[in-house]
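For the first sequence, the numbering used here begins at 586 and goes up steadily by one.
Quick reminder that beta carbons are idealized off the backbone N, C-alpha and C, glycines included.
These numbers come from a predicted model, not from an experiment.
Structure first, commentary second.
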Amino acid sequence: MSDRRSWVLHVDLDQFVAAVEVLRDPSLAGLPVVVGGRGDPTQRGVVSTASYEARLFGVGSGMPLRIAARKAPDAVFLPVDAPLYTQASEGVMGVLRSFGPTDGAVVEVLGWDEAFIGVMTDDPVELAGRIQSAVLTHTRLHCSIGIGDTKVMAKTATGFGKPQGVFTITGETWLEVMGARPADALWGVGRKTSAKLAELGILTVAQLATAEVEPLVARLGPTMGPWYRRIARGGDGSPVTATPWVARGHGRETTFQENLRDWAVVAAEVRVLAARVLNDIVAEGRPAARVGLKIRYAPFESHTTSRALPEPTYDLGVVAGSAVALLDRFDHTRSVRLLGVRLEMSPPEGGYPR
DNA sequence: TCTGGGGTCCTAGGACCC
DNA sequence: TCTGGGGTCCTAGGACCC
Numbered sequence: 586m587s588d589r590r591s592w593v594l595h596v597d598l599d600q601f602v603a604a605v606e607v608l609r610d611p612s613l614a615g616l617p618v619v620v621g622g623r624g625d626p627t628q629r630g631v632v633s634t635a636s637y638e639a640r641l642f643g644v645g646s647g648m649p650l651r652i653a654a655r656k657a658p659d660a661v662f663l664p665v666d667a668p669l670y671t672q673a674s675e676g677v678m679g680v681l682r683s684f685g686p687t688d689g690a691v692v693e694v695l696g697w698d699e700a701f702i703g704v705m706t707d708d709p710v711e712l713a714g715r716i717q718s719a720v721l722t723h724t725r726l727h728c729s730i731g732i733g734d735t736k737v738m739a740k741t742a743t744g745f746g747k748p749q750g751v752f753t754i755t756g757e758t759w760l761e762v763m764g765a766r767p768a769d770a771l772w773g774v775g776r777k778t779s780a781k782l783a784e785l786g787i788l789t790v791a792q793l794a795t796a797e798v799e800p801l802v803a804r805l806g807p808t809m810g811p812w813y814r815r816i817a818r819g820g821d822g823s824p825v826t827a828t829p830w831v832a833r834g835h836g837r838e839t840t841f842q843e844n845l846r847d848w849a850v851v852a853a854e855v856r857v858l859a860a861r862v863l864n865d866i867v868a869e870g871r872p873a874a875r876v877g878l879k880i881r882y883a884p885f886e887s888h889t890t891s892r893a894l895p896e897p898t899y900d901l902g903v904v905a906g907s908a909v910a911l912l913d914r915f916d917h918t919r920s921v922r923l924l925g926v927r928l929e930m931s932p933p934e935g936g937y938p939r
């Protein structure tokens with residue numbers, strides 16, 4: 586049985602950020618390593634990635650660093666070094682793209698450490714093995730690969746292959762593997778949505794897959810309702826595309842180690858953030874069309890506001906002035922934990938791809 | 001637990017227009 | 001006078017992902 590047909594592979598680097606740090610400093614190999622924030626577990630911040638050794642202590646992504654330090658007091662804590670990971674990621678994606686000419690593979694990058702590969706083949710498992718070898722040889726990084734008929738199946742399969750493995754889920758096996766699992770095991774279903782589904786009596790993937798569509802629409806909206814049911818059935822045939830991503834906007838935000846009480850300081854920080862984001866969009870070559878401001882009051886209450894600019898601009902005075910003017914919409918008697926400035930860019934000519 | 005920083009897309013209400 | 005039906009844009013917030 587070796588018919589040639591289209592497959593989706595999902596490549597996911599194992600403990601990517603921690604693995605890159607171990608490559609930089611091999612003496613960290615085998616130690617519990619926790620990367621997050623500024624690398625100081627007494628400061629505000631969360632875990633980006635924990636090495637497998639650190640995970641044995643119960644440390645995981647998204648966990649506050651203070652809690653991680655309590656669970657794994659002897660772990661090595663390191664600051665996030667985004668440029669280093671970007672560079673490592675580009676190396677990995679280059680290796681994946683090298684399967685374009687030889688195997689007709691199309692690569693769609695998802696983030697630092699993930700990519701879909703669309704390919705016609707009669708032996709996706711063999712190809713996955715070659716990909717793992719090539720990535721390891723050229724980057725010294727391990728990856729896991731999920732294979733499926735759809736992106737949803739491939740992405741889901743990867744979790745069963747970790748670490749360093751390959752796992753396949755097809756339309757034939759999807760419900761066997763996922764049917765009895767809770768709905769929030771699906772990619773795209775989180776805590777809030779699974780709670781809403783539970784109110785409808787839907788607890789498992791199989792129940793969501795066979796649910797009536799009307800209650801889903803009523804509770805979750807005209808687009809999302811049917812979409813959740815679709816992913817519970819293993820997703821659709823949406824293609825893997827190598828079309829370069831075009832960002833809608835960029836933002837910069839900062840959580841202050843000490844809450845700000847003085848709103849003159851708040852305004853000054855907004856100007857700093859505005860200048861940083863403006864740099865980002867200048868680098869991208871598309872002017873700002875809209876400015877957004879995000880404030881998190883102490884202890885942890887977030888609000889956003891935004892306004893279209895009179896015309897698209899690269900002018901720092903206009904951008905920073907508009908961002909500071911948005912502060913008028915907030916309560917100056919409260920202290921501020923986080924500030925963020927976001928710039929949305931004019932769409933490219935002809936609109937966004939895809 | 002005491003909660004980062006970078007994003008995307010969807011929803012829903014009101015404004016506004018024909 | 002107690003009263004339409006859409007369509008689109010703007011905005012704030014929600015939810016999720018890596």
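- Between residue 624 and residue 735, the gap from beta carbon to beta carbon reaches 8 Å or more.
- Closest by C-alpha distance to residue 877, out of 852, 885, 908, 883, is 908.
- Classified as exposed, residue 888 has fewer than 16 neighbouring CB atoms from the shown chains inside 10 Å of its CB.
- Inter-residue distance for residue 707 and residue 591 is about 8 Å (C-alpha atoms, whole angstroms).
- Of all C-beta pairs linking the segment 603-616 to the segment 722-730, three or more are shorter than 8 Å, placing the two stretches in contact.
- DSSP lists 733 as the bridge partner or partners of residue 754.
- Residue 882: member of the beta strand (DSSP E) spanning 873-882, first to last residue.
- DSSP places residue 891 inside the beta strand (DSSP E), whose first and last residues are 886-898.
- Under the DSSP definition of a beta bridge, residue 835 partners with 928.
- Annotation: the continuous alpha helix (DSSP H) that includes residue 723 extends over 709-724.
- If the five residues before and after residue 890 are omitted, its C-beta is found closer than 6 Å to the C-beta atoms of 878, 911, 914, all from its own chain and listed in chain order.
- For residue 778, the closest C-alpha among the options 756, 755, 762, 802 is that of 802.
- Counting along the chain, the unbroken alpha helix (DSSP H) around residue 810 starts and ends at 809-817.
- In the displayed model, residue 691 falls within a strand according to three-state DSSP.
- Taking the Cα of residue 856 as reference, the smallest distance to any Cα among 633, 634, 837 is reached at 837.
- Between the segment 670-681 and the segment 647-660 there are fewer than three C-beta pairs closer than 8 Å, too few to call the two in contact.
- Residue 665 holds the alpha-carbon nearest to the alpha-carbon of residue 622 among 798, 864, 665, 926.
- Assignment of residue 668 by DSSP, reduced to helix, strand and coil, places it in the helix class.
- Buried is the label assigned to residue 925, since at least 16 other Cβ atoms lie within 10 Å of its Cβ.
- Listed as beta-bridge partners of residue 649 by DSSP are 631.
- The Cβ-Cβ distance between residue 899 and residue 863 falls below 8 Å.
- Contact between the segment 643-653 and the segment 681-689 is absent: fewer than 3 CB-CB pairs across the two stretches fall below 8 Å.
- A distance below 8 Å between beta-carbons, with the five flanking residues on each side excluded, links residue 678 to the following residues of its chain, in chain order: 692, 694, 700.
- Between the segment 786-800 and the segment 763-773 there are three or more inter-stretch CB-CB distances shorter than 8 Å, so the stretches are counted as touching.
- A Cβ-Cβ separation of about 5 Å places residue 739 in contact with residue 731 under the 8 Å criterion.
- Beta-bridge partners of residue 598 (DSSP): 728.
- Around the beta carbon of residue 847, fewer than 16 other beta carbons lie within 10 angstroms, which makes this residue exposed.
- Remark: C-beta atoms of residue 928 and residue 870 do not approach each other more closely than 8 Å.
- Scanning 617, 661, 633 for the CA closest to the CA of residue 640 turns up 617.
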